[in-house]
Amino acid sequence: GHHFLNTLPLNTHLSYQRRGGVVQMTNAFVLFVNFGGKPAFGRYENEFMEGGRYLNFGVTPEKRGPRGRSELDLYEDIMRELEAKADVGSHGMEQHDGQAVGANGDTTKDGDEERQPAKEILLFARASSNTKFVYCGRCACVEVTQCDPSVRLGSVELILELLEFGRLLAEDAVSDDFRDMVEARQNVYRMIM
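Residue 1173 is where the sequence shown starts when you use our numbering, and the numbers rise one by one after that.
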């Protein structure tokens, strides 16, 4: 994650929707999550699960406009990757557009087509709009479910596993910010339940 961000040209500007969102780059999707405010029941909320090891993140693939394009591309990239993993798991080798993809992710070329690896998913989160974003590391999607249409029409919920969760629990200032953010969100839910 840090290595990727260090490769950006000087004066690169990343823009995102203030409450959160998806920024697409050539080799990664950067997710910004803002946990500010109280949970709003009746609409979709991003939340940490299992002490911060997992995060549910909602996207609306049908959304129009530039932000919608990034969400659609993220969703499609994740679905391709999950389908590839399912094929590899059931057969040991996946046939994808005339090429074999091994369990280690290597591709073999058949004709001119070669399967592109999924883009990295990098997560930045903050406790509120008054705090700084914490880099939470790389994520992998482990589950995709349709949201209840009465909550968020046309949306899907991605369950993301924080691949660098162990590092986030280390004893340093960044990990303290992460733990505080996760605990604060869980306390908000406990108080209103």
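Where a beta carbon is used, it is the ideal one built from N, C-alpha and C, also for glycine.
| query | result |
| --- | --- |
| Put Leu1244 into one of helix, strand or coil per three-state DSSP. | helix |
| Compare the Cα-Cα distances from Thr1303 to each of Asn1199, Cys1313, Ala1356 and report the closest residue. | Ala1356 |
| Using only the alpha-carbon positions, how far apart do Arg1351 and Gly1224 sit? | 8 Å |
| Taking all protein chains shown into account, decide if Val1346 is buried (16 or more other Cβ within 10 angstroms of its Cβ) or exposed. | exposed |
| To the nearest angstrom, how far is the alpha carbon of Leu1295 from that of Ile1250? | 15 Å |
| How close, in whole Å, do the beta carbons of Glu1329 and Thr1317 come, if the pair is a contact with beta carbons under 8 Å? | 5 Å |
| Do you know offhand how far Ala1297's Cα is from Tyr1307's? | 7 Å |
| Taking just the CA atoms, how far does Ser1300 sit from Gly1274? | At Gly1274, the pLDDT of 39 sits below 50, so the modelled position is not reliable; the number obtained from the coordinates is stated separately. The straight-line gap from Cα to Cα measures roughly 42 Å. |
| Applying the criterion that 16 or more other CB atoms from any shown protein chain within 10 Å of the CB defines a buried residue, is Leu1246 buried or exposed? | buried |
| Pick helix, strand or coil for Met1197, following the three-state DSSP scheme. | coil |
| So Gly1338 is in the beta strand (DSSP E); what residue range does that whole segment cover? | Premise fails: Gly1338 lies in the alpha helix (DSSP H), 1337 to 1340, not in any beta strand (DSSP E). |
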